[in-house]
Amino acid sequence: AQTVTQSQPEMSVQEAETVTLSCTYDTSESNYYLFWYKQPPSRQMILVIRQEAYKQQNATENRFSVNFQKAAKSFSLKISDSQLGDTAMYFCAFTLTAGGTSYGKLTFGQGTILTVHP
Amino acid sequence: DSGVTQTPKHLITATGQRVTLRCSPRSGDLSVYWYQQSLDQGLQFLIQYYNGEERAKGNILERFSAQQFPDLHSELNLSSLELGDSALYFCASSYEYSLSYNEQFFGPGTRLTVL
Numbered sequence: 001a002q003t004v005t006q007s008q009p010e011m012s013v014q015e016a017e018t019v020t021l022s023c024t025y026d027t028s029e030s031n032y033y034l035f036w037y038k039q040p041p042s043r044q045m046i047l048v049i050r051q052e053a054y055k056q057q058n059a060t061e062n063r064f065s066v067n068f069q070k071a072a073k074s075f076s077l078k079i080s081d082s083q084l085g086d087t088a089m090y091f092c093a094f095t096l097t098a099g100g101t102s103y104g105k106l107t108f109g110q111g112t113i114l115t116v117h118p
Numbered sequence: 119d120s121g122v123t124q125t126p127k128h129l130i131t132a133t134g135q136r137v138t139l140r141c142s143p144r145s146g147d148l149s150v151y152w153y154q155q156s157l158d159q160g161l162q163f164l165i166q167y168y169n170g171e172e173r174a175k176g177n178i179l180e181r182f183s184a185q186q187f188p189d190l191h192s193e194l195n196l197s198s199l200e201l202g203d204s205a206l207y208f209c210a211s212s213y214e215y216s217l218s219y220n221e222q223f224f225g226p227g228t229r230l231t232v233l
């Protein structure tokens, strides 16, 4: 079974600064995807960024980037130039793929509450 | 707006009762997933349907059941409700689960409160 662990229940950062959220996972499989989802107070789940395990290059999406360390099974999210709208719960998630076929179901970590202060 | 709709938004009921949560996937999406978000269990996968057939099961209780209809909407039925079933229930949809990558689009959720 796959597990995802987020060891930081809460984080805070000043507006315009940079913050890194940590995530580790455990799997014996070699083909998978990793994701960061954002859940603002509205409770809507929003995909922030994804990473394919077979790609060595770290994914980036505007102010969001990841540090993917496959051997260490680590997948951290860096938010640069933090904005008030980044205040949310952030979930790290994992899904298997196999020969191009995605099993689909997402396994989530416990979440990290990020608060951006003005 | 993800294009996934869930009804009702809020549901308040009593222990022992039965409720049905409804999900309409994005137009063209064949796969529907149900997730439960609770304080105790976090966010966990319950069950997946693809084009009307059950494809994967997670930590879904025997008191819970789901189905996907020919028009691809899905219903999650929760029976003999207990206080611990109070949670936010999400539905997500994706186009084709067998592609190498399928982004799941989440609905707004149904907040269930069992009193």
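In the order they appear, the protein sequences are chains A and B.
Take the first sequence: its position 88, counting from 1, is numbered 88 in this note's numbering, and each next residue is one higher.
Add 118 to a position in the second sequence, counting from 1, and you land on the number used in this note's numbering.
Idealized CB from N, CA, C, for every residue including glycine.
Within the model, the alpha-carbon separation for B:SER211 versus A:MET11 is close to 30 angstroms. When secondary structure is reduced to three states using DSSP, A:ASP81 falls in the coil class, being assigned neither helix nor strand. When CB distances to chain B are screened at a threshold of 7 angstroms, the residues of the region 33-64 of chain A falling below it are TYR33, ARG43, GLN44, MET45 and LEU47, in chain order. If the five residues before and after B:GLN154 are omitted, its C-beta is found closer than 7 angstroms to the C-beta atoms of GLN162, LEU164, ALA205 and TYR207, all from its own chain and listed in chain order. A:THR20 has its alpha-carbon roughly 12 angstroms from the corresponding atom of A:ARG63.
Using beta-carbon distances, B:ASN220 counts as an interface residue toward chain A, with a partner under 8 angstroms. Residues of chain B whose Cβ lies closer than 7 angstroms to the Cβ of A:GLN110 are, in chain order, GLY160. A:VAL4 sits away from A:VAL116, with the two beta carbons spaced by 8 angstroms or more. The residues THR18 and ARG63, in chain order, have a CB closer than 6 angstroms to that of A:SER80 in the same chain once the five nearest residues on each side in sequence are set aside. Beta bridge pairing from DSSP links A:CYS92 with A:TRP36.
Distance from the CA atom of A:SER74 to the CA atom of B:GLN135, rounded to whole angstroms, is 43 angstroms. Relative to B:ARG144, the option among B:ASP158, B:THR123 and B:GLN166 whose CA is nearest is B:THR123. Around B:PRO126, the same chain offers THR228 as residues with beta carbons nearer than 7 angstroms, after the five sequence neighbours per side are excluded.
Residue pairing of B:LYS175 in beta bridges, as defined by DSSP: B:ILE165. Pairing A:LYS105 with B:ALA184 gives a Cβ-Cβ distance that is not under 8 angstroms.
Against A:PHE75, chain B offers no close residue; the least beta-carbon distance is about 16 angstroms (beta-carbon pairs closer than 9 angstroms). Judged by DSSP secondary structure, B:ARG229 falls within the beta strand (DSSP E) whose first and last residues are 228-232. In the DSSP assignment, B:ALA205 falls within the unbroken beta strand (DSSP E) covering 205-212.
Pairing A:LEU114 with A:THR87 gives a Cβ-Cβ distance under 8 angstroms. Taking 8 angstroms as the upper bound on Cβ-Cβ separation, chain B lies near residues PHE91 of the region 81-92 of chain A.
In chain A, no part has a C-beta under 9 angstroms from the C-beta of B:PRO126; the shortest such distance is about 14 angstroms.
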